[in-house]
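Peer 1: Numbering (the UniProt record's numbering), first residue to last: 1 to 220.
From the three backbone atoms N, C-alpha and C, an ideal C-beta is built for every residue, glycine too.
#1: Measure from the alpha carbon of residue 164 to the alpha carbon of each residue in 52, 140, 133, 181, then state which is nearest.
#2: Tell me where the beta strand (DSSP E) around residue 207 begins and ends.
#3: Anyone know if the C-beta pair for residue 157 and residue 121 falls short of 9 Å?
#4: What are the boundary residues of the beta strand (DSSP E) that includes residue 151?
#5: Just to check my reading of the structure: residue 145 and residue 84 have Cβ atoms closer than 8 Å, yes? What is that Cβ distance to the nearest angstrom?
#6: Taking the DSSP output, what are the residues bridged to residue 59?
#7: Nearest CA to the CA of residue 114: which residue from 124, 123, 103?
#8: Buried or exposed for residue 118, going by 16 or more other Cβ atoms inside 10 Å?
#9: Determine the extent of the beta strand (DSSP E) in which residue 46 is found, giving its start and end residues.
#10: Assuming residue 185 and residue 20 form a contact by the criterion Cβ under 8 Å, report the distance between their Cβ atoms to the nearest whole angstrom.
#11: Can you name, in chain order, every residue of its own chain whose Cβ lies under 7 Å from the Cβ of residue 53, other than the five neighbours on each side?
#12: Would you kindly check if the distance between the Cβ of residue 130 and the Cβ of residue 97 is under 9 Å?
#13: Going by C-alpha to C-alpha distance, which of 204, 150, 203, 132 sits closest to residue 176?
#14: So the beta strand (DSSP E) residue 121 belongs to, where does it begin and stop?
#15: Let's test the definition: count the other Cβ atoms within 10 Å of the Cβ of residue 109 and tell me whether it reaches 16, buried, or not, exposed.
#16: Can you tell me the Cβ-Cβ gap for residue 142 and residue 148, rounded? I've got them flagged as a contact below 8 Å.
#17: Cα separation between residue 61 and residue 27?
#18: Would the beta-carbon of residue 124 fall within 9 Å of that of residue 18?
#19: Have a look at 172, 70, 179, 33 and flag the residue whose alpha-carbon is nearest the alpha-carbon of residue 99.
Shown next as structure tokens:
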């Protein structure tokens, strides 16, 4: 019985050797896209849908007066003061739009309930906002305040995270900012007993105001 079992095993080994080596698996196409096409061919619409799906609040603004009305409505609903804004170009735009803001750090630690910053790019696939420490907002304005407002333009929308990183590489070359953050919705955690908590590691609310690229030239 033992000899017959041994002979059967050896016979299968001989058959396997006679058949030659196993064929190699097909070579993957590394140039092929990893993800399926976006749900919407318009990347801006796809971003808005993804951004809201991860918990962000999206506001479209076609002109500076429209932006002012949207920001005022947000502040009224949330019962918050004027946002801290430290980027000179952003301050100049808000001044033209008639939007109040806090330009310095006076009482920032005690009253940082709202901030407004720019961003590097917007990712349609994930609804993410790419921010960095390269602007005058630094690290703090996108992390410390309870609520974070972002002002961006449609031209900043890209389809994938890889494209957003290439935007950074093209913009900064080898001198990348010391902090780059891909923010997808408000800060959240469920580490403790799987109970969802917002604002655990950053702002508990993020809102994006998408201002048309030619808004400054739009009729009021």
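Peer 2: In short, the structure shows the following:
#1: Minimum Cα distance to residue 164 is reached at 181.
#2: 205 to 211 is the span of the beta strand (DSSP E), which, as asked, contains residue 207.
#3: It is a contact, given that the beta carbons lie within the stated cut-off.
#4: Unbroken beta strand (DSSP E) run through residue 151: 147 to 152.
#5: Contact holds; Cβ gap of about 7 Å.
#6: Partner(s): 209.
#7: Ranking 124, 123, 103 by CA distance to the CA of residue 114 puts 103 first.
#8: When all chains shown are included, residue 118 counts as buried.
#9: Membership of residue 46 in any beta strand (DSSP E) is not indicated; the residue belongs instead to the alpha helix (DSSP H) covering 43 to 53.
#10: About 54 Å separates the two Cβ atoms, so there is no contact after all.
#11: Once the five neighbours on either side are set aside, the close Cβ partners of residue 53 are 127.
#12: The criterion of a C-beta distance shorter than 9 Å is not satisfied by residue 97 and residue 130.
#13: Shortest Cα-Cα distance from residue 176 to any of 204, 150, 203, 132 involves 132.
#14: Its beta strand (DSSP E) spans residues 121 to 123.
#15: Around the C-beta of residue 109, fewer than 16 other C-beta atoms lie within 10 Å, and the residue is accordingly described as exposed.
#16: Yes, residue 142 and residue 148 are in contact; Cβ-Cβ is about 6 Å, under 8 Å.
#17: Rounded to the nearest angstrom, the two C-alpha atoms are 47 Å apart.
#18: Not in contact: residue 124 and residue 18 (Cβ atoms no closer than 9 Å).
#19: Among 172, 70, 179, 33, the Cα nearest to that of residue 99 belongs to 70.
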